[in-house]
Amino acid sequence: MKRCVEEFESKSERLMKEGKLDEEEHYYSKKRSRVIVMIGGGGRPSSSSAAATAAGGTWVSTTSVSASGKRIQREMSELNADPPLHCSAGPKGDNLYHWVATIIGPPGTPYQGGIFFLDITFPSDYPFKPPKVVFKTRIYHCNVDAAGNLSLDILKDSWSPALTVTKVLTAIRAIFTNPDPYNPLISGIARLYLTEKAKHDEIAAEWTLRFAK
Numbered sequence: 006m007k008r009c010v011e012e013f014e015s016k017s018e019r020l021m022k023e024g025k026l027d028e029e030e031h032y033y034s035k036k037r038s039r040v041i042v043m044i045g046g047g048g049r050p051s052s053s054s055a056a057a058t059a060a061g062g063t064w065v066s067t068t069s070v071s072a073s074g075k076r077i078q079r080e081m082s083e084l085n086a087d088p089p090l091h092c093s094a095g096p097k098g099d100n101l102y103h104w105v106a107t108i109i110g111p112p113g114t115p116y117q118g119g120i121f122f123l124d125i126t127f128p129s130d131y132p133f134k135p136p137k138v139v140f141k142t143r144i145y146h147c148n149v150d151a152a153g154n155l156s157l158d159i160l161k162d163s164w165s166p167a168l169t170v171t172k173v174l175t176a177i178r179a180i181f182t183n184p185d186p187y188n189p190l191i192s193g194i195a196r197l198y199l200t201e202k203a204k205h206d207e208i209a210a211e212w213t214l215r216f217a218k
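Going by the working numbering, the first residue of the sequence shown is number 6, and it counts up by one from there.
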């Protein structure tokens, strides 16, 4: 398993040097290789170890943090203790307000087995304002645009301070199974989903294979 990781990361570094990957793409490529190996070794991607893997394995000091920081730390502890199915998240490096999340595509969907990375950025007045969530892995989905922006009501007008990262991840994973074609960010994908679902699923599965595996 270790050798597989080393080979994958070596290839990623070579592609970056050749200009075929930028630094951010290289970062997520390395994280994907480690999640793949963990899954192959029987690990559960929604464990706290997966959160550390996805986020870079660095945890944040619990000293000298603001009220919003304490709330984020509490949510991190709760997420690690009881993670949503096939989801993980944690701080990227030592920045408590910038997380990386991982969602494994649910079985029975065209996203099955794909490893999807998301950036989560918390505002300084969290939880009174929602976090900003952006897909970093390309996905063929009517509710996610080309820049990775996500259409989800609880991240907009329906946000409440009672909501948590765990609930956000659960809601995001739900749209893998049940897209909302009536509130799309990409109308063409929504139309295809409504009129030719088999074709939609075929393209979505191709994208998953190309970008998320």
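Every residue, glycine too, gets a C-beta built ideally from N, C-alpha and C.
Please read all numbers here as calculations on a predicted model, not as lab measurements.
Within the same chain, Cys147, Pro186, Pro189 come within 6 angstroms of Ala195 by CB-CB distance, once the 5 residues on both sides are set aside. Using a 10 angstroms sphere on the CB of Thr142, the tally of other CB atoms reaches 16 or more, which defines it as buried. When DSSP assignments are scanned along the segment 158–210, the uninterrupted stretches of alpha helix (DSSP H) that are 4 or more residues long and fall wholly within it turn out to be 170–182, 192–200. The three-state secondary structure of Ser93, taken from DSSP, is strand. Asn100: member of the beta strand (DSSP E) spanning 100–109, first to last residue. Three or more beta-carbon pairs separated by less than 8 angstroms link the segment 109–119 to the segment 199–211, which places the two stretches in contact.
Beta-bridge analysis with DSSP links Thr126 to His103, Lys137. Taking a contact as a CB-CB distance under 8 angstroms, the pair Leu174 and Cys92 counts as one, their CB atoms being some 4 angstroms apart. In the structure shown, the three-state DSSP call for Ile77 is helix. A distance below 7 angstroms between beta-carbons, with the five flanking residues on each side excluded, links Val149 to the following residues of its chain, in chain order: Phe140, Leu155, Leu190.
In the structure shown, Asn148 falls within a coil segment according to DSSP collapsed to helix, strand and coil.
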